[in-house]
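Structure first, commentary second.
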Amino acid sequence: MAADFATIFNSSDWANTAGLWHDLGKYSSEFQRYIKTVSGYDAEAHIEGKHGRVDHSTAGAIHAIRQFNQHGRILAYLIAGHHAGLPDWNAADTGGKALSIRLGAQQNHLLDRIPAQDIPQEILTQPKPTTKLRGGAEGLHLWLRMLFSCLVDADFLDTEAFMDCDKASSRSSYRDIADLMNRFDKHMAALAVNADNTPVNAIRADILRQCCEKAALAPGLFSLTVPTGGGKTLSGMAFALRHVIQHKKQRIIYVIPYTSIIEQTAGIFREIFGDNVVEHHANLDPGKEEDREDARSRLATENWDAPVIVTTNVQFFESLFAARTSRCRKLHNIANSVVVLDEAQLLPPEFLQPIADVMKLLVTHYGVTFVLSTATQPALGSFQSFGGKPFRGLDSVREIIDEPDALYQQLKRVEVSIPSDLQTPRDWESIAVELLQHPSVLCIVSRRDDARELHRLMTATEEGKDTLHLSALMCGEHRSRIIRYIKWRLKKNKPLRVISTQLVEAGVDVDFPVVYRALAGLDSIAQAAGRCNREGKQDGLGRVVVFVPPKPAPSGPLLLAAQASKSLLTGYKGDVLERSLSKRFFEKFFSDARSLDKHGINELLTQDARDCQVQFRTVAEKFKLIDDSAYQTILVRYGNNDILLGKLEKEGPQRWLMRKLQRYSVNIPKHLFAQLEKQGNVREIWQDIYAQVGDTLYDKKLGVVTDGKLSPDDLAV
Numbered sequence: 001m002a003a004d005f006a007t008i009f010n011s012s013d014w015a016n017t018a019g020l021w022h023d024l025g026k027y028s029s030e031f032q033r034y035i036k037t038v039s040g041y042d043a044e045a046h047i048e049g050k051h052g053r054v055d056h057s058t059a060g061a062i063h064a065i066r067q068f069n070q071h072g073r074i075l076a077y078l079i080a081g082h083h084a085g086l087p088d089w090n091a092a093d094t095g096g097k098a099l100s101i102r103l104g105a106q107q108n109h110l111l112d113r114i115p116a117q118d119i120p121q122e123i124l125t126q127p128k129p130t131t132k133l134r135g136g137a138e139g140l141h142l143w144l145r146m147l148f149s150c151l152v153d154a155d156f157l158d159t160e161a162f163m164d165c166d167k168a169s170s171r172s173s174y175r176d177i178a179d180l181m182n183r184f185d186k187h188m189a190a191l192a193v194n195a196d197n198t199p200v201n202a203i204r205a206d207i208l209r210q211c212c213e214k215a216a217l218a219p220g221l222f223s224l225t226v227p228t229g230g231g232k233t234l235s236g237m238a239f240a241l242r243h244v245i246q247h248k249k250q251r252i253i254y255v256i257p258y259t260s261i262i263e264q265t266a267g268i269f270r271e272i273f274g275d276n277v278v279e280h281h282a283n284l285d286p287g288k289e290e291d292r293e294d295a296r297s298r299l300a301t302e303n304w305d306a307p308v309i310v311t312t313n314v315q316f317f318e319s320l321f322a323a324r325t326s327r328c329r330k331l332h333n334i335a336n337s338v339v340v341l342d343e344a345q346l347l348p349p350e351f352l353q354p355i356a357d358v359m360k361l362l363v364t365h366y367g368v369t370f371v372l373s374t375a376t377q378p379a380l381g382s383f384q385s386f387g388g389k390p391f392r393g394l395d396s397v398r399e400i401i402d403e404p405d406a407l408y409q410q411l412k413r414v415e416v417s418i419p420s421d422l423q424t425p426r427d428w429e430s431i432a433v434e435l436l437q438h439p440s441v442l443c444i445v446s447r448r449d450d451a452r453e454l455h456r457l458m459t460a461t462e463e464g465k466d467t468l469h470l471s472a473l474m475c476g477e478h479r480s481r482i483i484r485y486i487k488w489r490l491k492k493n494k495p496l497r498v499i500s501t502q503l504v505e506a507g508v509d510v511d512f513p514v515v516y517r518a519l520a521g522l523d524s525i526a527q528a529a530g531r532c533n534r535e536g537k538q539d540g541l542g543r544v545v546v547f548v549p550p551k552p553a554p555s556g557p558l559l560l561a562a563q564a565s566k567s568l569l570t571g572y573k574g575d576v577l578e579r580s581l582s583k584r585f586f587e588k589f590f591s592d593a594r595s596l597d598k599h600g601i602n603e604l605l606t607q608d609a610r611d612c613q614v615q616f617r618t619v620a621e622k623f624k625l626i627d628d629s630a631y632q633t634i635l636v637r638y639g640n641n642d643i644l645l646g647k648l649e650k651e652g653p654q655r656w657l658m659r660k661l662q663r664y665s666v667n668i669p670k671h672l673f674a675q676l677e678k679q680g681n682v683r684e685i686w687q688d689i690y691a692q693v694g695d696t697l698y699d700k701k702l703g704v705v706t707d708g709k710l711s712p713d714d715l716a717v
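FYI, the numbering for the sequence shown is 1 to 717, going by my numbering.
If you want it as C-alpha cells, here you go:
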C-alpha cells in the first residue's frame, strides 16, 4: 500500500521497503509478551506483572543502516518515526529520541535480540532502492516527509481495515471529479439563469469563461487576479475542476487564510458537491496521537483522500514542515493535486521564503498546480530583494486573466476616502456617531476588543440598538447564522449596521452601500472595498471610509501592514485601489519585515542534508504560522449542540462528530483559559478537549464573554 501511494512521485521502491521493515521489532519476544498481555490473548501473562510499552520501531531502522549504510538513513527516519513522528538527527534537547542516538551501538540489542530465523528472509533481504530523491539536497526534507506520509497512512489504513472493515469500506464512497464537474456546471448554469442582467454579472461570466479556457494550460504556477466581488471563488473552482480532468490530477485543495471564515467557503462547496468535501483545520486537531492510549482520538484526523479539501494556511503549510504522524499522514495526497491559495496576499512575511521554496518543490517534483487567487497579488516573483533581503521567489507564474488592469477599471464600484491626517487617531465615540448617520453600514476593525467597544457604544443608543457584531470569539455556527441574517436583511433592503473584525473581508459575500475600515494594510482596505457596492447596483460609486482608530493594529504583520499603508498613503492623491500601488505596498511590506525566514527554517533543513541529517522536530516546532501554544480551543454551548457534546463526553472523538463540533469551537488565550478553568467555567470532557460549563460564558450576541481583563494583542484576529 505504501508503495502504491509513492508511485505518484516515483519512489515506490523506498516506500515498499519501509513498509516491509517498519515493524521488524515486533518479532522480539519482549513485544510478543507485551501484545499478548494487553490484548488478553495470554490469560496467564498478568502473573508476570504489568508490561510497559516495548520499542518496536528502532529495530527496523538499525536493520536499514546495516543493509544500506548511509543510504539506510532514509529508511531509518521513516521506520523510527512511524509512531512517534519524524525525529531530529541530532538535537541537544531531544535526549534519546534523536535518530543519531537511536542508531547508536548501544541500541543494537533491539535488533540483535530477535533470532534471525524468526524473520522470513523474503522480508529481511531486499534490494537497495535505486530511485533518486526528488529535488536534490534542498528537497530531501520534503521527499522524506512524502515517503513518511505514504508509510504512516498505509499503516493506519491497514490497521483500520483489520479493526473496522465498515469504516474502511466507507472511504471509497466519494464521487469522481468528472461527476463533480457536472454538478458544478449545472449549479453555475442555474446561477446564470437567475442572475440579474447587470454589468457586474457580465464581467463575472467572462472571468468564469477565461478560467475554464485556461485550465487546459500545462500544470505549474498560476495567478488569478480579480478584484473583490469578481467571483474568484467559483471561477477558481471552475479552473481547478477542468485542470484536474485535463491533466489527470487527484484532487482539489482549497486553502483559506482564516479558520474563522473557512466554514463560509466550505458551505458554498458543500451546496454544490455534497459530502464530497472535507473541511479540515487546526481547531480540535486530535494532537499527538503517539502520546494517547485511545486510538479513537485519531478518528478526527484526515488523510485528505476526498476529491475536494477545504483547509487553512495553517493546516496546509504547517503540515508541509511537520514531524507528527497526524500532520504528515496526508502529505502524499497533496501530490498531483490542484491547490488554490485563496487570498494569497495573506501569506506571513516571516515564513515567506520557506513557503516559496516548498511551493516550488511541489510544482517541480510532485505534480502540484498552484493558483494564487487574490485581488491584490503579493510581489512573489523570482530573484528579487526586499530591503536588502534576497528572496528566491516563484518562477514562471502565469496570469489566468487576460487584462487585469482593464478588468479593475471595469469593476470599479467604490471611491475610497483617506483622512488627510494619518497620524492623529479618532475616538470610538465620534466614529459611532458617524456610523449612526447611515441606515446601512459595515465597519471593520482589526481587534476583537475594538469590535466590542464600538458595538457597545452603538447599541447604547436607541437608533443603533439592533447593531450586529461579528468576531472570532463567536463560534462558526453562530457567525454563519449572523451572516445569513445579514444577507437576508441586505437583500430585503432593510436598514442594517454591522461591526466586525476582518473575518468578514474574505469569503463573506455581503454588499453594503457604505463601508468604514480602520487603517490597515492596502490589501485589507481592498478587501473591505469588496464588501461595498459589490453588485454595482447603486447609482454612482459606493463609499469606503478609512479612519485612524484609537489604538494601533496589534504588533506583528497587522501592524507592519498598517504602517506600510500609512507611509504610502500620506499625501497620496490617486486611486487607493490601483494595482501599481498594491505592488509598491507589498514591496515595502516585505522590505520592512524583520526577516523572510525568521527562524532559519531553510538552514535547519538543508545545511547537513547531503549527509542525510535533517532536524525535523526542531523545524516543526519553529514553523508555526500562528503560535497555538498561546491559545486553547474550547467548545461552547450554542444552539442545540448539547447532544453532540454529551456524545463526545460519553463515547470520545469520532471523525463525523468532531467535524460537527468544529462549528462550535472558539480559540481563547491560554491565560484566560486557565482563569476560566479555575472558576469552573470550562472543563475537560475528553483528553485535551474542553467545553463550556453552564450558560454564562457564551453570549448570544457577542460570543465568549468574561470578566477577565484581556490585553489588546490577545484580542487580535
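Glycine included, every Cβ here is placed at the ideal spot set by N, Cα and C.
Can the beta-carbon of residue i be found closer than 9 angstroms to that of residue j?
i, j, result
"I101", "Q107", "yes"
"D699", "V705", "yes"
"W428", "L457", "yes"
"D509", "G229", "yes"
"A6", "H332", "yes"
"S582", "L372", "no"
"Q264", "S480", "yes"
"A472", "D523", "no"
"I309", "Y366", "no"
"T606", "L140", "yes"
"E535", "T259", "no"
"L157", "N303", "yes"
"L604", "I685", "no"
Helix, strand or coil for residue i, going by three-state DSSP, please let me know.
i, result
"K701", "coil"
"R225", "According to the sequence as given, residue 225 is Thr; it is not Arg. Note: T225 maps to strand in three-state DSSP."
"A691", "strand"
"H83", "coil"
"G381", "strand"
"W656", "helix"
"W14", "helix"
"D342", "strand"
"A375", "coil"
"F673", "helix"
"E415", "strand"
"E350", "helix"
What whole-angstrom Cβ distance do residue i and residue j have, given they're in contact under 8 angstroms?
i, j, result
"V338", "H243", "5 angstroms"
"F184", "A238", "7 angstroms"
"A432", "L454", "6 angstroms"
"L380", "L394", "5 angstroms"
"T501", "A451", "5 angstroms"
"V514", "H599", "Not confirmed; about 42 angstroms, so no contact."
"L99", "D112", "No, L99 and D112 are not in contact; Cβ-Cβ is about 19 angstroms, not under 8 angstroms."
"A356", "R398", "About 17 angstroms separates the two Cβ atoms, so there is no contact after all."
"V277", "A306", "7 angstroms"
Nearest to residue i by CA position, among the options, is which residue?
i, options, result
"I203", "R413, V498 and L454", "R413"
"A564", "F585, S555, W14 and N667", "F585"
"T633", "I689, Q654, G652 and V619", "I689"
"S430", "D402, I483, S420 and P549", "P549"
"A518", "F512, E535, K566 and P495", "K566"
"L75", "I444, D164, L468 and S149", "S149"
"F547", "G521, W143, N533 and P557", "G521"
With DSSP as the reference, identify every bridge partner of residue i, one or two as the case may be.
i, result
"H469", "I499"
"T633", "N667"
"W686", "I689"
"T311", "V255 and H280"
"T369", "V338"
"P390", "S385"
"E578", "According to DSSP, E578 bridges with nothing at all."
"L442", "V498 and V515"
"D88", "Q615"
"F547", "A518"
"C532", "F512"
"G542", "V414"
For the ligand FAD, any of its heavy atoms closer than 8 angstroms to the Cβ of residue i?
i, result
"T706", "Among the components modelled here there is no ligand, and therefore nothing to report on the ligand FAD."
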